[in-house]
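See structure below.
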Amino acid sequence: MAAPKTYLVCPLNWGLGHATRLMPIIFDLKNQGQNIILCGDGDALQSLSNAFPDLKTIIIKDISIRFSSKGSIFNLIKIIPQLIYRIIYEHWKIKRILKEENVDVIISDNRYGLWNKKTHSIFITHQLMVKLPSPFILFEGILHQMIKNFISKYNECWIPDYSDHINNLSGDLSHKYPYGSNTKFIGPKSRFSFINNQNTSSENYDIVVVLSGPEPARTDFENVIVNILRESEYKSLIIQGKPNQQKVHLKQKLKIVSHLSSSEIKEALLNSKLIICRSGYSSIMDLEYLKKRALLVPTPGQTEQEYLAEFHANHHMYISQKNLNIEVIKKALFKL
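Following this line, the structure appears as structure tokens:
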């Protein structure tokens with residue numbers, strides 16, 4: 042039997058999705074007897090540490106990128122210098138970590154600088170291209186080539202989707218342009234896939250809202266949904282997506298919790314009549330795994346989420362955040 046390897050696993054700290062989709066991969070590696078070190082920063086690292094408290098953690102500071110609900114393509118352009126700095130910093134930092142830790146394999150989820158020539162490096166992404174608004178669509182091919190060049194530094198690129206160009210979850214994001222020879226499709230990865238149904242939930246909800254994504258857009262969405270649901274007739278649960286906190290607020294029929302374990306979230310979603318969430322790719326994979334429909338509310342200005350919401354419109358409902366109201370929710374409860 043081959044000796045166990047040591048894997049350094051590091052998600053991007055942009056919401057929780059990059060971390061949650063790593064959970065089934067970490068679970069499989071643990072079952073194989075491999076050694077795992079968790080790496081990262083902020084809520085993403087905390088969520089992995091909560092799920093796997095026995096694993097060692099190393100902090101790689103992430104730059105704080107704030108994404109307003111009044112987002113636009115110009116917000117993305119403004120953060121390009123920050124993104125370039127982060128890649129350079131990550132690449133420098135991983136060299137220092139590898140001098141201190143005996144790492145055999147690096148698994149980086151959307152952190153472009155975490156590769157090393159002397160260590161087998163794996164990049165995980167569903168986004169081989171960036172969806173741009175129509176005035177800028179001519180630049181999509183250029184951005185795709187830039188992304189492809191960054192990914193070529195890695196030994197492997199894993200895409201958590203089906204390889205089928207028609208029946209898949211990511212659409213153009215993974216399938217529109219040619220991908221490199223180091224690329225392979227590993228199938229969708231949901232945090233719920235390694236959790237057995239416990240059926241321990243004693244509460245059924247009309248509506249469960251799962252909040253996620255970078256600030257201040259996450260808080261803006263929370264404020265909108267709280268204002269709608271706190272006076273409604275529906276028994277509702279809002280999961281704030283704050284793994285560093287453990288708070289519970291009750292407002293009539295509305296319950297707000299900072300964070301729940303993956304098993305608790307799974308039970309809540311399975312026992313709800315309606316799910317409301319962002320249209321991030323990890324949320325799409327979770328919904329696909331649970332075979333549940335949802336009312337998707339894309340983060341304003343995040344063209345990827347706007348595209349995914351429209352791409353999955355045959356299965357889910359979607360609405361812009363500014364048009365979300367109680368009547369839309371009532372319609373979704375009836376339709377879904």
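Counting from 42, one number per residue, gives the positions in the sequence shown under this note's numbering.
Backbone N, C-alpha and C define an ideal beta-carbon position, used for all residues, glycine too.
Contact annotation, Leu-315 with Leu-374: C-beta distance approximately 5 Å; criterion of less than 8 Å satisfied. If the five residues before and after Lys-102 are omitted, its C-beta is found closer than 6 Å to the C-beta atoms of Asp-82, all from its own chain and listed in chain order. Beta-bridge partners of Ile-148 (DSSP): Val-50, Ile-163. Beta-bridge pairing by DSSP links Met-358 to Leu-336.
Closest option to Leu-270, judged by alpha-carbon separation, among His-132, Ala-309, Lys-371, Leu-210: Lys-371. Here the alpha carbons of His-161 and Gln-186 stand approximately 23 Å from one another.
Contact check between the stretch 244–251 and the stretch 276–290: three or more CB pairs, one atom from each, fall below 8 Å, which counts as touching.
Tyr-126: member of the alpha helix (DSSP H) spanning 121–141, first to last residue.
For Asp-247, there is no enclosing alpha helix (DSSP H); the residue is found in the beta strand (DSSP E) stretching over 246–251.
Annotation for His-59: the continuous alpha helix (DSSP H) segment containing it runs 58–61. Nearest to Lys-194 by C-alpha distance, out of Leu-169, Gly-228, Asn-223, is Asn-223. With a cutoff of 7 Å on beta-carbon distance, Leu-349 and Ile-325 are scored as near each other. Distance from the CA of His-290 to the CA of Lys-283, rounded to the nearest whole angstrom, comes to 14 Å.
Here the alpha carbon of Leu-310 sits roughly 27 Å from the alpha carbon of Val-50. Rounded to the nearest angstrom, the Cβ distance from Phe-233 to Ser-313 is 14 Å, too far for a contact under 8 Å.
Contiguous beta strand (DSSP E) elements confined to the stretch 67–93 occur at 76–81, taking only those with 3 or more residues. For the 7 Å CB-CB criterion, Lys-217 and Met-170 form a contact. In the displayed model, Ser-273 falls within coil according to three-state DSSP, outside both helix and strand. Between His-59 and Asp-150, the C-beta spacing is below 7 Å. Between the alpha carbons of Asn-157 and Gly-221 lies a distance of about 18 Å.
Fewer than three pairs of CB atoms, one per stretch, sit closer than 8 Å, so the stretch 197–212 makes no contact with the stretch 255–266.
Pro-219 is not a Cβ neighbour of Trp-55, given a cutoff of 7 Å. In this structure Asn-285 is in contact with Asp-84, their Cβ atoms being roughly 7 Å apart against a cut-off of 8 Å. About 34 Å separates the CB atoms of Lys-136 and Thr-344; that is not less than 8 Å, and the two are not in contact.
Within the model, the alpha-carbon separation for Lys-134 versus Ser-88 is close to 22 Å. In the structure shown, the three-state DSSP call for Glu-256 is coil. Annotation for Ile-297: Ile-279, His-290 place their beta carbon closer than 6 Å to its own, counting only its chain and skipping 5 residues before and after. If the five residues before and after Gln-362 are omitted, its C-beta is found closer than 7 Å to the C-beta atoms of Ser-110, Phe-262, Val-265, Val-338, Pro-341, all from its own chain and listed in chain order. In the DSSP assignment, Lys-292 falls within the unbroken beta strand (DSSP E) covering 289–292.
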